[in-house]
Amino acid sequence: MGSMSHDLITLSPEDVRRDASAALPGWAVRVVEQIRRAAASGQTVTVVSEEQMLSPEQVAQRLNMHRSTVVRKITAGQIQAVKVGNRHRVPYSEFLRYQDVVLGALARAAGPEIEAELFGDE
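For the sequence shown, the working numbering begins at 421 and goes up steadily by one.
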């Protein structure tokens with residue numbers, strides 16, 4: 421009997437968003453090719469999704485912060501994280517929520533400056 425192989429394609433949310441406007445994005449081409457190969461050899465295909473988990477370092481890089489700042493915000497409860505062993509992992513949905521918080525705060529802080537620049541002192 422032949423050996424069973426389980427080819428795995430991992431796609432990040434960024435992969436899918438990057439190619440969102442393409443007729444058949446690169447990630448979709450890879451998936452279709454994998455399904456065709458599996459079907460040709462009599463295999464079934466199972467599609468499973470799971471939420472991407474980010475390290476504090478990855479969150480820090482994406483938000484242009486220091487890793488220690490992210491860890492402090494996790495400790496303070498401002499960023500929700502789960503412990504995997506002795507390490508924090510931030511669910512991607514939580515990263516997006518906190519990114520919106522940061523961008524909103526920046527917009528509110530810059531608002532008066534932008535308004536003054538656009539409309540001057542009246």
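In this text, a Cβ means the ideal position worked out from N, Cα and C, and glycines have one as well. Just so you know, these numbers come straight off a predicted model, no measurement behind them.
Sixteen is the threshold: when 16 or more other Cβ atoms of the shown chains lie within 10 Å of the Cβ of K493, as they do, the residue is buried. Within the stretch 493-520, the complete beta strand (DSSP E) segments of 3 residues or longer fall at 502-504 and 507-511, listed in chain order. In the three-state scheme derived from DSSP, where H, G and I count as helix and E and B as strand, L428 is classed as coil. Taking every protein chain shown into account, the CB of A501 has 16 or more other CB atoms within 10 angstroms, so this residue is buried. Rounded to the nearest angstrom, the gap between the Cα atoms of P445 and S488 is 37 Å.
Rounded to whole angstroms, the gap between the alpha carbons of I534 and V490 is 28 Å. For L483, the uninterrupted alpha helix (DSSP H) segment begins and ends at P476 to L483. Just so you know, the alpha carbons of A527 and A459 end up roughly 50 Å apart. Excluding its 5 nearest sequence neighbours in each direction, R509 has C-beta neighbours in its own chain below 8 Å: M473, L474, S475, A501, V502 and K503, listed in chain order. Excluding residues up to 5 positions away in sequence, I499, Q500 and A501 lie with their Cβ nearer than 8 Å to the Cβ of E514 in the same chain.
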